[in-house]
Amino acid sequence: MYFTTHALVGAAAGSTIKNWFLAVIVGLLSHIGLDMVPHHDYHQVRYGVADVLIGSTLLFALADRNPGFPVFLAGVAGGIPDLELVIGEARGFFGKKWRNIFPSHSGLVRHRTISTPLGFVTQALFALAGLLFLIR
Ligand SMILES: [Zn+2]
């Protein structure tokens, strides 16, 4: 899924937890869970950069509304595993190989994808649910 979707859902999950360490774990687990849901993925660095910028901006904007370190950390933990995909795409652009290590990227856990528009709608619904949960 997109970084923004992972960050919003991870932050929403983290908002239910007061312990920062558990919030990070929940954020990471939410990433695996979301990657198992059929979704669309982009494969171009420019979309990855835009996605990380949008997701990071939303996390910082929501940090004012949701005070507490665990919420922010869970959002970062939810989104950060996808940075290895952006790094991998960037290295591939320069002809270098990259091996993913996160379970839902390495093949250890099934990563399900579907094409647009349904795959995009799936992303939007999860991102919206996370956002609405955070601003409730
Ligand atoms: Zn992922």
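Numbering of the sequence shown is given in our numbering, commencing with residue 10 and proceeding in unit increments. The C-beta atom is built at its ideal place from N, Cα and C for all residues, glycine as well.
Proximity winner among the options, relative to residue i (alpha-carbon distances)
i      : options                       : result
Ala99  : Arg119, Val33 and Arg55       : Arg55
Ser113 : Pro79, Ser39 and Gly128       : Ser39
Phe102 : Gln53, Ala32 and Met10        : Gln53
Gly77  : Ile123, Thr25 and Arg119      : Thr25
Val80  : Ile144, Tyr11 and Ala20       : Ala20
Ala16  : Ile123, Gly57 and Val61       : Val61
Leu141 : Ala83, Leu71, Leu31 and Asp91 : Leu71
Val35  : Tyr51, Ile89 and Asp50        : Ile89
Check whether residue i and residue j have beta carbons under 8 Å apart
i     : j     : result
Thr14 : Leu43 : yes
Val95 : Ile41 : no
Cross-strand partners of residue i (DSSP beta bridge)
i      : result
His114 : DSSP output for His114 lists no bridge partner at all.
Thr122 : His48
Report the residue ranges of all beta strand (DSSP E) runs contained in full by the segment 54–117; include only those spanning at least 3 residues, in chain order.
-> At a cut-off of 3 residues, not a single continuous stretch assigned as beta strand (DSSP E) sits fully inside the segment 54–117.
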